[in-house]
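Quick note on this note's numbering: the sequence shown kicks off at 341 and runs consecutively.
The beta-carbon is built from N, C-alpha and C at its ideal position, and this holds for glycine as well.
Just below is one structure, and these are the notes that go with it.
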Amino acid sequence: MSIAENVARIRAEIQQAALACGRDPKSIQLCAATKMNDADAVRQAIAAGVDCCGENRVQELTAKLAENAYEGAPVHFIGHLQTNKVKFVVGKVDLIQSVDSERLLKAIDKEASKQGIVQNILLEVNIGEEASKSGFGADDILPLVDRLAEFPNVCLKGLMAIPPISHNSGENLKFFQKMFQLSVDIRNKIDDNVMVDCLSMGMSGDFVDAISSGSTMIRVGTAIFGARDYAKLSSN
Ligand SMILES: *Cc1c(COP(=O)(O)O)cnc(C)c1O
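Below, the structure written as structure tokens:
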């Protein structure tokens, strides 16, 4: 199947999942997770109407930006970002979804200040409390939101989560529901909260459950582009 056919099928699945739980399908954005796919594939996904692209690695982001691969769609950063690389990402992307530590938050704020901009961000929550994953603990989020004024050059747009890899539908529902509750708690806390409405969760294998739990942005790679060829990466 072509990228365009895959995007059309996923849109239909989003619509079905949204309507099944009484949500407006337009309230769910489709972010193409473009890692390991080249500029041509990215352009096909944008032409097929994805809402935005999410890149994982700084080097790939920089290379594809140089090729104008993302023209016509916002680009997000969704991978783990090292503090020494923030200057390659801040001001280059519309949203950094994967702010996973206070140290990184500080570095982004500092770089944005240097550039004279405000960087849109999401806070990444390690909702499955996995040792192998970075991200804030769910309990760290509300106290941090209280102190956001310390970081005047970032604008919080919401939360992001990557729950444990699941092979059976329903397995991650409890994590998605916890994330939704946390996003409601944040909106109740912030006076000017209308823009803190992004809840980025759900991937190829579990986006239907994410949508039924209140996700407003799903990040889909494999279902759009096919399986990633990791062999290709190591031989380069
Ligand atoms: C790769 C990736 C995705 C997409 O995963 P698929 O299972 O291929 O849909 C989503 N989010 C992040 C952060 C990723 O790195």
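Considering only residues of the same chain and omitting the five flanking positions on each side of Arg568, which have a CB-CB separation below 6 Å? So the list reads Met376, once near-sequence residues are dropped.
Does DSSP classify Thr556 as helix, strand or coil? In the three-state reduction of the DSSP assignment, Thr556 falls in the coil class.
Could you check whether the Cβ of Val415 sits closer than 7 Å to any heavy atom belonging to ligand 1? No.
Rounded straight-line distance, which links the Cα of His420 to that of Glu469: Distance from the CA atom of Glu469 to the CA atom of His420, rounded to whole angstroms, is 16 Å.
Would you report the Cα separation of Phe491 and Leu522, rounded to the nearest angstrom? Each residue's alpha carbon lies about 21 Å from the other.
Between which two residues does the alpha helix (DSSP H) harbouring Val524 extend? Leu513 to Lys529 is the span of the alpha helix (DSSP H), which, as asked, contains Val524.
Per DSSP, Met500 is paired with what? Answer by DSSP bridge pairing, in chain order: Glu464 and Ser540.
Mapping the DSSP letters down to three states, classify Ala388 as helix, strand or coil. The answer is coil: DSSP assigns Ala388 none of H, G, I, E or B.
Straight-line CA distance for Leu370 to Ser453? In a straight line, the C-alpha of Leu370 is about 30 Å away from that of Ser453.
Between which two residues does the alpha helix (DSSP H) carrying Ala373 extend? The continuous stretches of alpha helix (DSSP H) do not include Ala373, which lies in the beta strand (DSSP E) extending over residues Gln369 to Ala373.
Can you tell me whether Ser575 is helix, strand or coil according to DSSP? Only weak support exists for where Ser575 lies, its pLDDT of 46 falling under 50; the coordinates are left without a value.
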